[in-house]
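Here the numbering used here is used: the sequence shown runs in plain steps of one and ends on residue 288. Note that the Cβ used here is the ideal one computed from N, Cα and C, for glycine as well.
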Amino acid sequence: MSVLEPGNDTAALRGLLQRPDIDLVACFCAAWCDTCREYRPKLETLASRTAATAFAWIDIEDHPDLLGEEEVENFPTLLVQRAGKTVFYGPMLPHIGHLERLLASLGPDSAVVATRLPDVRGLLAG
Numbered sequence: 163m164s165v166l167e168p169g170n171d172t173a174a175l176r177g178l179l180q181r182p183d184i185d186l187v188a189c190f191c192a193a194w195c196d197t198c199r200e201y202r203p204k205l206e207t208l209a210s211r212t213a214a215t216a217f218a219w220i221d222i223e224d225h226p227d228l229l230g231e232e233e234v235e236n237f238p239t240l241l242v243q244r245a246g247k248t249v250f251y252g253p254m255l256p257h258i259g260h261l262e263r264l265l266a267s268l269g270p271d272s273a274v275v276a277t278r279l280p281d282v283r284g285l286l287a288g
């Protein structure tokens, strides 16, 4: 798989996220952010090696509706949903190995993380 963007890849995102067996990793970023630009190719590589996961690249200035009441203070800020529940939301150092280890450690029985985000998956699945 590859990293998909709402707007550019809306149909592909919708198709993937309507499947209940697909997890979601959403990276909240900004086009002006140098860290985000450096992180994206690494996320693309991880996405190409990770089955059953939809990776979404969400520019917070283009899609503020996907943040709801949440504020993004540091980039990258990641949302991970497994088995229909949020199991991680927060900033992460821009080292792809950290995300790889996080994904390997999370399972369907992971604790739910409370956020003030709207239903990101539902909005992306449209």
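Got a sec, what are the start and stop residues for the alpha helix (DSSP H) D196 sits in? Element bounds for D196: D196 to R211.
Distance CB(L285)-CB(L240) smaller than 8 Å: Contact flag unset, no.
Determine the extent of the beta strand (DSSP E) in which V249 is found, giving its start and end residues. Going by DSSP, V249 is part of the beta strand (DSSP E) stretching over K247 to P253.
Output needed for F217: all residues of its chain with C-beta closer than 6 Å, excluding positions within five of it in sequence on either side, in chain order. The residues V165, V187 and A209, in chain order, have a CB closer than 6 Å to that of F217 in the same chain once the five nearest residues on each side in sequence are set aside.
Can you give me the Cβ contacts of R278 inside the same chain, cut-off strictly under 7 Å, excluding the 5 residues immediately before and after it? Closer than 7 Å at Cβ, skipping near neighbours: G230, E231 and E232.
Out of curiosity, what's the CA-to-CA distance linking V234 and W194? In a straight line, the C-alpha of V234 is about 14 Å away from that of W194.
6 Å Cβ shell around A245 - same chain, five flanking residues per side excluded: Excluding residues within five positions, the ones whose Cβ falls inside 6 Å are P270.
Please return the same chain residues whose Cβ sits closer than 6 Å to the Cβ of Y201, not counting the five positions on each side in sequence. Excluding sequence neighbours, Y201 sits near P238 and P256.
Report the rounded CA-to-CA distance for R211 versus V275, giving the unit in angstroms. Cα to Cα, R211 sits roughly 26 Å from V275.
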